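Using the numbering used here, the letters of the sequence shown map in sequence onto residues -11 to 404.
Even glycine gets a Cβ: it sits at the ideal position worked out from N, Cα and C.
Small disclaimer: the values here were computed from a predicted structure and weren't measured.
Remarks on the structure that follows.
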Amino acid sequence: MALDNFRVGRARVFAFLICHAFGWSAASAAELTLREAVVLTSERNPQLRAFGFESEAMRQHGLVRAMAPPLSVDVQLENFAGSGDVSGVKALETTLQLSKVVELGGKAQRRSELGAAELESLAARQAALRADLAAETARRFVHVLADQAQLDVRSRASVLAERARDAVEARIREGAISSVFLHRAEIELARARIEQEHAEHELAASRTALAVMWGDEEARFERAVGDLFEFPDIEPLERYVARLDGNPDLLQFAAEQRAIDARQRLAESARAPNVTFSAGVRRLEASDDQAFVAGFSVPFGARKRAVPELRAAAAERERLSFSAAAHRLDLHARLFGFYQEILHARMEANVLRTDIRPQAQRMVETTTEGYRQGRYSLVELIDAQRSLLEIERDAVRAAREFHANLIEIERATGAR
-11 MALDNFRVGR ARVFAFLICH AFGWSAASAA ELTLREAVVL TSERNPQLRA FGFESEAMRQ
49 HGLVRAMAPP LSVDVQLENF AGSGDVSGVK ALETTLQLSK VVELGGKAQR RSELGAAELE
109 SLAARQAALR ADLAAETARR FVHVLADQAQ LDVRSRASVL AERARDAVEA RIREGAISSV
169 FLHRAEIELA RARIEQEHAE HELAASRTAL AVMWGDEEAR FERAVGDLFE FPDIEPLERY
229 VARLDGNPDL LQFAAEQRAI DARQRLAESA RAPNVTFSAG VRRLEASDDQ AFVAGFSVPF
289 GARKRAVPEL RAAAAERERL SFSAAAHRLD LHARLFGFYQ EILHARMEAN VLRTDIRPQA
349 QRMVETTTEG YRQGRYSLVE LIDAQRSLLE IERDAVRAAR EFHANLIEIE RATGAR
């Protein structure tokens, strides 16, 4: 089945890779495909919709930080309100001057670079969250498909229980068995209907859990469209391992590393002290004269004050490097586990559905006919029906585990 390469950003598209395991035909208003579910989440999930505002806020903060220090106006009043010759304002000296801090070491450029790096880091965090939400949507979609399949199994269980009861009633009318056996058949039918009703509630809950991903409080679709038992080809483990570097979390580590490098460069630029220049005019009331004033100031200790920042950035860089390495090892171990599970789940589902289920189905048919002819007991008929239903339920469970592990593999490798 063809895979739609619909792209909604580097990290969120990977969930589409499992879509070819399900039907991708156009869905009616009453149906929902995996593709539609993922797109709805990407467009309407409240967390994702907040991304634009979060990015804009950080962008504006970055613009403010990148600005050069502003001019300042200084006014000084001297030699007034004293005693003797400086009483009142007779000897007042008024100075008006402008001051400007000149940054050395390219600090403004470094702050601008830091702002860009932090925006990139934010985008990486958002991409990781987008991937998480896409994966969660896919998990919940598979859950709905499995619950639909389990409800079908429970419905068939009720039908089989009804047929068994009808067969018992027929034999009672023939006088072949006692009416006491009808109670056993009615009990089995009642239990089957209870389990069917429970399956209906589980399906309703999983449908609502899926709809919540795109902000709906209740499911507006009637049925999820897909085939649990259509399994895509699995690549060799080595190919998945080779794609681990595309994991959104590892990409986030890399973006954070670049932000730390930008902070380190900013701290390095702080070694060069800023110089403050000032110039203005002074009014001397005593002589009714004016004069220009000018000056500059250079702070001491800038190089020493920059050292702790540089050391902190270096320590953070090392911490992040080890954290990324540890996370990659954990991803590798988890990927290996997912791979083993997906191989087993595919084998189990295929064997149960292709090899064992037909035999169980024939056993039910043979036992049902044999019961009508008096060759098998009611207990044997019920046991044959239960075996068939258990096989069907286990096949659905195995198929769900296959797709669940496929989702985890795609999330781990950052497939796109």
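Candidates the options: closest to residue i by CA position
| i | options | result |
| --- | --- | --- |
| Thr125 | Arg23, Ala301 and Thr356 | Arg23 |
| Ala403 | Leu232, Ser143 and Arg208 | Leu232 |
| Val52 | Ala96, Gln252 and Ser60 | Ala96 |
| Ser87 | Ala111, Asp249 and Val61 | Val61 |
| Glu176 | Gly94, Glu108, Leu369 and Ala282 | Leu369 |
| Ala274 | His49, Thr82, Phe129 and Glu19 | Thr82 |
| Leu117 | Arg32, Arg99, Phe39 and Glu106 | Phe39 |
| Arg153 | Ser365, Phe390, Ala392 and Arg388 | Ser365 |
| Val384 | Arg161, Ala337 and Arg363 | Ala337 |
| Val286 | Glu190, Asp276, Ala300 and Glu91 | Glu91 |
| Gly163 | Arg399, Asp382, Gly362 and Asn393 | Gly362 |
| Ala258 | Lys292, Gly234, Ala279 and Asp277 | Lys292 |
| Pro346 | Arg334, Ser375 and Thr401 | Ser375 |
Distance, residue j Cα to residue i Cα
| i | j | result |
| --- | --- | --- |
| Asn67 | Val77 | 8 angstroms |
| Pro220 | Arg227 | 15 angstroms |
| Leu331 | Ala348 | 24 angstroms |
| Val168 | Asp204 | 51 angstroms |
| Tyr327 | Gly93 | 52 angstroms |
| Glu256 | Asp120 | 37 angstroms |
| Arg32 | Glu353 | 50 angstroms |
| Ala115 | Arg37 | 13 angstroms |
| Asp237 | Arg127 | 19 angstroms |
| Val63 | Phe284 | 16 angstroms |
| Gly70 | Val281 | 24 angstroms |
Residue i in three-state terms, based on DSSP
| i | result |
| --- | --- |
| Glu226 | helix |
| Gly268 | strand |
| Ala56 | coil |
| Gln361 | coil |
| Lys88 | strand |
| Ser75 | coil |
Classification of residue i by the beta-carbon crowding that lies within 10 angstroms, buried from 16 upward
| i | result |
| --- | --- |
| Thr342 | exposed |
| Leu84 | exposed |
| Leu317 | exposed |
| Gly72 | exposed |
| Met55 | exposed |
| Arg409 | Given that the chain is displayed from residue -11 to residue 404, the structure contains no residue 409 and the question cannot be resolved. |
| Ile395 | buried |
| Ile397 | buried |
| His171 | exposed |
| Ala(-10) | Confidence at Ala(-10) is low in this model, with a pLDDT of 31, below 50, so its placement is unreliable and no value can be given for it. |
| Ala386 | buried |
With three or more C-beta pairs closer than 8 angstroms as the rule, is the segment 247 to 260 touching the segment 290 to 304?
yes
Would you check if there are 3 or more beta carbon pairs closer than 8 angstroms linking the segment 42 to 51 to the segment 208 to 215?
no
Evaluate the contact criterion for the segment 136 to 146 versus the segment 262 to 271: three or more CB pairs, one atom per stretch, below 8 angstroms.
no
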